[in-house]
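K.L.:
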Amino acid sequence: MSVARLMAVILGAMLWAAAGASTPAQPKHAALCTDGFAEGFPCSNVNLYAHITAAQLGGGNGNDIWGWTDPDTGKEYALMGLTIGTAFVDISDPEFPIRLGLLPTHSGNSTWRDIKTYGYYAFIVSEAVGHGMQVFDLRQLRSVASPPATFSADAHYGQFGRAHNIVIDTTSGFAFGVGSREGTQTCNAGLHMVDIRSPLTPTFAGCFADDGYTHDAQCVTYNGPDADYAGREICLASNEDTVTIVDVTNKSAPVQISRTPYVGSEYTHQGWLSEDSTYFLVNDELDETRNGHNTRTYIFDVSDLDNPTLHATYTAAIPASDHNLYTHNGFVYESNYRSGLRILDMAQIDSGILAEVAYFDTRPENDNAGTSGAWSVFPYFDSGTVIISDTANGLFIVQPVLCQGPDAPTSLSATPAGDNQISLAWSAGEAGATYEVYRALDGCGGFEELIAEGLKNPGLLDQNASGGVPYGYRIRQRRADGVCVSEYSSCEAAQTTGACTAPPVFAGIQSAESAGVS
């Protein structure tokens, strides 16, 4: 181990300890988005599962984020970049995340770190001098005896030193370092191709250097509308002032297919294909600050890879700078720095229309243009959990509710029905919907608990009511899809006779743990 590497490991461990490594993270409580806020963060149609600060993650500031689902166990993990290394968090129970540990930076600290996964492995690059690419076996996360731990990389690739991003075509098994500098193969800071099919022995495969610096890219084994390139390995690169498309099937002789500038470009930062590969959606990181307009997303028609055209632009109602975006299940998930996560519906993209349907603002102070706030987002977990990284505020684990719920149940009645029983009835709702019943001890306004769910008929006999105390009841309706849920009904209170079995109602004493103090 080199002296520089040893010092980096020691420094990372010291910062990790200083951040409270012996104490598990105490994230903020899960909170529904109610009246436009969740735990003080502005929101719409996005609930908060948990929030772990950058200090609780290990220290430093946050940057990139990616996710990984263990194919053998189904567990879900957040992989978050920090200035000092990469933090790993088990989010399988998103309301109670477990901070598993930190992989320290390979060399020095850096504002920029980027992470992607292939199979069981994470591949990590940084702008730190001499960093190269770390390879980390994610199966280490299965059995961390005493979290949080300090991890070590399983392999290292050093044919470039600094790199801004890492891109992976998970179908072909090739990685692409972009914005690379130093080392034996910088590729003019373009596409530096690495064979990672044997993840622990990554091998240099080729360069595409003809169009200069690449800031970010999406590389895929193409399955889109342009039949000329079916099955070819294609990279769509964000090259500061153009979208540049390259056929990288032959790593020793990649071919530039097209190079597309656009009006208003200031820094072509990153982009992602629509799921049918017809459109490439692009964010320009500096156009908001330099050109003075609100957040703008550029939509390129790439159905003909040889001749992309600017199809439309979407301009938001706020001035925040945009950073990274991803598409999933008909929505665009944008991490827009000071306005946080913004979710856009793509249903009318053929007509050039995107529509904001949800948001979660990780930086509540303002929505101004600038480069601090939500850095990136990962929306690809099967569970529907979404993770957001914020430069100062750390990791946010959220639950978008991307549907219009049914109407709240109406005409709720609560009537005593003999000792220790209260009969509930309400009007029938949508066909196929089920009902959830919530009960509060001490009447409407008390602490509610779910006492029944999955009810197919609009009524319930509560046979476990204590005599002599009031109860408040509210109902919600859940659509047959199991996801879209209504608002609560109005509350109805009732009190019955019979044995008094309810515990005393206290005002409550909040523990340090429940208050989120570490």
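For the sequence shown, our numbering begins at 90 and goes up steadily by one.
For each residue, glycine too, the CB sits at the ideal point set by N, CA and C.
All values derive from a computational prediction rather than experimental measurement.
Could you give the distance in angstroms between the alpha-carbon of H358 and the alpha-carbon of G268?
P.N.:
For the purposes of this step, residue 358 is taken as the residue at position 269 of the sequence shown. For the purposes of this step, residue 268 is taken as the residue at position 179 of the sequence shown. If I take the Cα positions, the gap works out to 12 Å.
K.L.:
Taking the alpha-carbon positions, what's the Q274 to F249 distance?
P.N.:
Against the sequence shown, residue 274 aligns to sequence position 185. Against the sequence shown, residue 249 aligns to sequence position 160. For Q274 and F249, the distance between alpha carbons rounds to 6 Å.
K.L.:
Would a C-beta distance cut-off of 8 Å place P131 and I486 closer than the cut-off?
P.N.:
The residue labelled residue 131 in the question sits at position 42 within the sequence shown. The residue labelled residue 486 in the question sits at position 397 within the sequence shown. No.
K.L.:
Sort Q552, L530, A569 by Cα distance to P592 and report the nearest one.
P.N.:
In the sequence shown, counting from the first residue as 1, residue 592 sits at position 503. Of Q552, L530, A569, the residue nearest in Cα terms is L530.
K.L.:
Can you give the Cα-Cα distance for G353 and S410, rounded to whole angstroms?
P.N.:
For this step, residue 353 is matched to residue 264 along the sequence shown. For this step, residue 410 is matched to residue 321 along the sequence shown. Taking the straight line joining both Cα atoms gives about 14 Å.
K.L.:
State yes or no: is the C-beta of G561 within less than 8 Å of the C-beta of T586?
P.N.:
Within the sequence shown, the letter at position 472 stands for residue 561. Within the sequence shown, the letter at position 497 stands for residue 586. Not closer than 8 Å, so no.
K.L.:
Any contact between the segment 457-467 and the segment 514-533? By contact I mean 3 or more CB pairs, one from each, below 8 Å.
P.N.:
The segment 457-467 vs the segment 514-533: no contact.
K.L.:
Let's see if you can read the secondary structure: which residues bound the alpha helix (DSSP H) around R379?
P.N.:
If you number the sequence shown from 1, residue 379 lands on position 290. Start and end: 376-380.
K.L.:
Quick check: what's the CA-CA separation for V526 versus L539?
P.N.:
Taking the first residue of the sequence shown as position 1, residue 526 is located at position 437. Taking the first residue of the sequence shown as position 1, residue 539 is located at position 450. Cα to Cα, V526 sits roughly 6 Å from L539.
K.L.:
Starting from L370, follow its DSSP beta bridges and name the residues at the other end.
P.N.:
If you number the sequence shown from 1, residue 370 lands on position 281. Partner(s): W361, I388.
K.L.:
Along the alpha helix (DSSP H) that carries Q145, what are the first and last residues, could you check?
P.N.:
By 1-based counting over the sequence shown, the position of residue 145 is 56. Where Q145 is concerned, the enclosing alpha helix (DSSP H) stretches over 143-146.
K.L.:
State yes or no: is the C-beta of V309 within less than 8 Å of the C-beta of D258?
P.N.:
Within the sequence shown, numbered from 1, the residue matching residue 309 stands at position 220. Within the sequence shown, numbered from 1, the residue matching residue 258 stands at position 169. For V309 and D258, yes; Cβs fall inside 8 Å.
K.L.:
I need the boundaries of the beta strand (DSSP E) containing F225, first residue and last residue.
P.N.:
As a working note, residue 225 is residue 136 in the sequence shown. That run of the beta strand (DSSP E) goes 222-226.
K.L.:
Is the segment 401-417 touching the segment 334-341, taking contact as three or more C-beta pairs under 8 Å?
P.N.:
In short, these stretches do not touch, since the Cβ pair count stays below three.
K.L.:
Assign Y318 to one of three DSSP states: helix, strand, or coil.
P.N.:
Within the sequence shown, numbered from 1, the residue matching residue 318 stands at position 229. Y318 falls in the helix class under three-state DSSP.
K.L.:
In terms of residues, what are the limits of the beta strand (DSSP E) holding S232?
P.N.:
Position 143 of the sequence shown, counted from the start, is the residue given in the question as residue 232. First-last for S232: undefined, no H or E at that position.
K.L.:
What are the start and end residues of the beta strand (DSSP E) that includes T416?
P.N.:
Counting from 1 along the sequence shown, the entry for residue 416 is found at position 327. Run containing T416: 413-417, per the beta strand (DSSP E) assignment.
K.L.:
Is it right to say A447 is buried, meaning 16 or more other beta carbons lie within 10 angstroms of its own, or is it exposed?
P.N.:
Indexing the sequence shown from 1 puts residue 447 at position 358. Buried.
K.L.:
Look up S341 in the DSSP assignment and say whether it is helix, strand or coil.
P.N.:
For the purposes of this step, residue 341 is identified with residue 252 of the sequence shown, where counting begins at 1. Coil at S341, not helix or strand.
K.L.:
Which of the three DSSP states is assigned to D153 in this structure?
P.N.:
The count along the sequence shown starts at 1 and reaches residue 153 at position 64. Three-state result, D153: strand.
K.L.:
Nearest to S347 by alpha carbon, out of S502, T333, A127?
P.N.:
Numbered from 1 along the sequence shown, position 258 holds the residue referred to as residue 347. The candidate whose alpha carbon is nearest that of S347 is T333.
K.L.:
Hey, how far is the Cα of D317 from the Cα of C324?
P.N.:
In the sequence shown, residue 317 corresponds to position 228, counting from 1. In the sequence shown, residue 324 corresponds to position 235, counting from 1. So the alpha carbons of these two residues sit roughly 15 Å apart.
K.L.:
Among L430, A588, S235, T402, which has the Cα closest to the Cα of G507?
P.N.:
Stepping through the sequence shown from its first residue, residue 507 is reached at position 418. The option with the nearest alpha carbon to G507 is A588.
K.L.:
Tell me the residue span of the beta strand (DSSP E) that contains E525.
P.N.:
In the sequence shown, the residue the question calls residue 525 occupies position 436. E525 -> beta strand (DSSP E) spans 523-530.
K.L.:
From the DSSP output, in three-state form, read off A520 for me.
P.N.:
Locating residue 520 in the sequence shown gives position 431, counting from the first residue. Looking at A520 - three-state DSSP - the assignment turns out to be coil, as it is neither helix nor strand.
K.L.:
Give a yes or no on whether the C-beta atoms belonging to G247 and G279 are separated by under 8 Å.
P.N.:
On the sequence shown, residue 247 is found 158 positions in, with the first residue counted as 1. On the sequence shown, residue 279 is found 190 positions in, with the first residue counted as 1. No. Outside cutoff.
K.L.:
Check the DSSP bridge columns for F470 and list the partner residues they point to.
P.N.:
Counting from one through the sequence shown, the residue named residue 470 turns up at place 381. Looking at the DSSP assignment, F470 forms no beta bridge with any residue, so it has no partner.
K.L.:
I'd like to know whether the C-beta atoms of E216 and T200 end up nearer to each other than 8 Å.
P.N.:
If you number the sequence shown from 1, residue 216 lands on position 127. If you number the sequence shown from 1, residue 200 lands on position 111. Their beta carbons are under 8 Å apart, which means E216 touches T200 by this criterion.
K.L.:
Tell me which same chain residues have a C-beta within less than 6 Å of the C-beta of A114, skipping the five on either side of it?
P.N.:
Locating residue 114 in the sequence shown gives position 25, where the first residue counts as 1. Annotation note: pLDDT 44 at A114 (below 50); position unreliable, no value reported.
K.L.:
Just checking my contact of Q229 with A242 at CB under 8 Å: how many whole Å lie between their CB atoms?
P.N.:
As a first step, residue 229 is located in the sequence shown; it is residue number 140 there, counting from the start. As a first step, residue 242 is located in the sequence shown; it is residue number 153 there, counting from the start. Rounded, the Cβ-Cβ distance is 10 Å, inconsistent with contact.
K.L.:
Residues in the same chain with beta-carbon distance under 7 Å from C580, minus the five sequence neighbours each way, listed in chain order, please.
P.N.:
Residue mapping note: residue 580 aligns to position 491 of the sequence shown, counting from 1. Contacts found: C533, G561, Y562, R563.
K.L.:
For Q566, is the classification buried or exposed, using 16 other Cβ atoms within 10 angstroms of its Cβ as the cut-off for buried?
P.N.:
If you number the sequence shown from 1, residue 566 lands on position 477. Label assigned to Q566: buried.
K.L.:
Tell me, please, which residues DSSP counts as bridged to T260.
P.N.:
Here the question's residue 260 lines up with position 171 in the sequence shown. DSSP, once it has assigned bridges, lists no residue as partnering T260.
K.L.:
Out of G190, P453, P397, G272, point me to the one whose CA is closest to S235's CA.
P.N.:
For the purposes of this step, residue 235 is taken as residue 146 along the sequence shown, with counting starting at 1. Among G190, P453, P397, G272, the Cα nearest to that of S235 is on G190.
K.L.:
So the candidates are T367, A583, G148; which of them puts its Cα closest to the Cα of N312?
P.N.:
The residue given as residue 312 occupies position 223 in the sequence shown. Of the listed residues, the one whose Cα sits closest to N312 is T367.
K.L.:
How long is the line joining the alpha carbons of Y138 and A319, rounded to whole angstroms?
P.N.:
Working through the sequence shown from its first residue, we reach residue 138 at position 49. Working through the sequence shown from its first residue, we reach residue 319 at position 230. If I take the Cα positions, the gap works out to 41 Å.
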